[in-house]
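Asks:
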Amino acid sequence: AQKITQTQPGMFVQEKEAVTLDCTYDTSDPSYGLFWYKQPSSGEMIFLIYQGSYDQQNATEGRYSLNFQKARKSANLVISASQLGDSAMYFCAMREPLYSGAGSYQLTFGKGTKLSVIP
Amino acid sequence: DGGITQSPKYLFRKEGQNVTLSCEQNLNHDAMYWYRQDPGQGLRLIYYSQIVNDFQKGDIAEGYSVSREKKESFPLTVTSAQKNPTAFYLCASSILPPMDQPQHFGDGTRLSIL
């Protein structure tokens, strides 16, 4: 069974500093994808960044980048220049195909990391 | 603005009562999903649908039912058979394919037992 592990229940970072949130995954499927979502206290899930297993380069989206180490099965999220608004839960998720086909997929989530940005 | 609307934001269920959570999307997405989130946990898939009038069970479908009569709508009913319904419920949608496109989520419904 596929699995996502986020080992940091909580993290603190000083405003304007960079922070790395860890994510390791377990799969035997050669084709997979990894997503990071942000969940503020209001509850909505906000998509941040995606990395496909065949992508040659690490994904980047603005202040977010993904440190993808395929051999180690890790996909850590790096947030540069942290802002107070970055305080939230962060979830790593892996794409798992649904057997009914048509390209739909299930997201298997880790338990999340609570990031707190200190002024 | 395109998006996913979930209602109500808060819902209370009495013993033995069925309740229905609404999910509407105007993103023209084919696939829709329901997830459950318990405190301190990630999300778990309840049901999903790829096309109108068709839906499939996810990992924790027992005690829940869904319908997909319109492309835009995917309501979830929490039945009295679900003995521990207190949780945060999130609806999501995505295009089909490709699989590198993210699922987009609504703002969620918090369900509690009275």
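Chains as they are written, first to last, in this note's numbering: chain A, 8 to 126; chain B, 593 to 706.
Each residue gets a CB set at the ideal place from its N, CA and C atoms; glycine is no exception.
Classify B/S685: buried if its beta carbon has 16 or more other beta carbons within 10 angstroms, exposed otherwise.
Replies: buried
Asks: In three-state terms, what does DSSP make of A/D33?
Replies: strand
Asks: Mind checking the stretch 624-638 of chain B against chain A and listing, in chain order, the residues whose C-beta falls within less than 7 Å of any C-beta there?
Replies: G632, Q633, G634, L635 and L637
Asks: Using a Cβ-Cβ cut-off of 7 Å, state whether B/G700 counts as contacting chain A.
Replies: yes
Asks: Using CA atoms only, rank isn't needed, just tell me which of A/A88, A/Y61 and A/F19 is closest to A/F75.
Replies: A/Y61
Asks: Please list, in chain order, all residues of the same chain as A/K23 whose beta carbon is under 7 Å from its beta carbon, the five residues on each side excluded.
Replies: A88 and S89
Asks: What separation, rounded to the nearest whole angstrom, lies between the Cα atoms of A/D93 and A/Y32?
Replies: If you take the alpha carbons of A/D93 and A/Y32, they lie about 24 Å apart.
Asks: By how many angstroms is the C-alpha of B/V670 removed from the C-alpha of B/E607?
Replies: 12 Å
Asks: Could I get the ranges of all uninterrupted beta strand (DSSP E) runs contained in the stretch 35-60 of chain A, with 3 residues as the minimum, in chain order?
Replies: 40-46 and 53-59
Asks: Only counting the same chain, and skipping five residues up and downstream in sequence, which positions put a Cβ closer than 7 Å to that of B/H621?
Replies: S685, S686 and I687
Asks: Can you give the beta carbon distance from B/R628 to B/I596, rounded, assuming they're within the 8 Å contact cut?
Replies: The pair is not a contact, with the Cβ atoms about 16 Å apart (cut-off 8 Å).
Asks: Nearest to A/K77 by alpha carbon, out of A/P126, A/Q13, A/S38 and A/V20?
Replies: A/S38
Asks: What's the gap between the Cα of A/L91 and the Cα of B/N676?
Replies: Cα to Cα, the separation comes out at about 35 Å.
Asks: Per DSSP, which one or two residues make a beta bridge with A/G17?
Replies: A/K121
Asks: Rounded to whole angstroms, what is the Cα-Cα separation between A/Y71 and A/P16?
Replies: Straight through space, the alpha carbons of A/P16 and A/Y71 are spaced by roughly 20 Å.
Asks: Residue range of the beta strand (DSSP E) that A/E103 falls in?
Replies: A95 to P104
Asks: Taking the DSSP output, what are the residues bridged to B/V644?
Replies: Looking at the DSSP output, B/V644 sits in no beta bridge, so it has no partner there.
Asks: Taking CB distances under 7 Å as the criterion, tell me whether B/P694 reaches chain A.
Replies: yes
Asks: Going along chain A, which residues have a C-beta under 7 Å from B/L682?
Replies: M52
Asks: I'd like to know if B/F647 contacts chain A, where contact means its C-beta is closer than 7 Å to some C-beta of that chain.
Replies: no
Asks: Buried or exposed for A/A25, going by 16 or more other Cβ atoms inside 10 Å?
Replies: exposed
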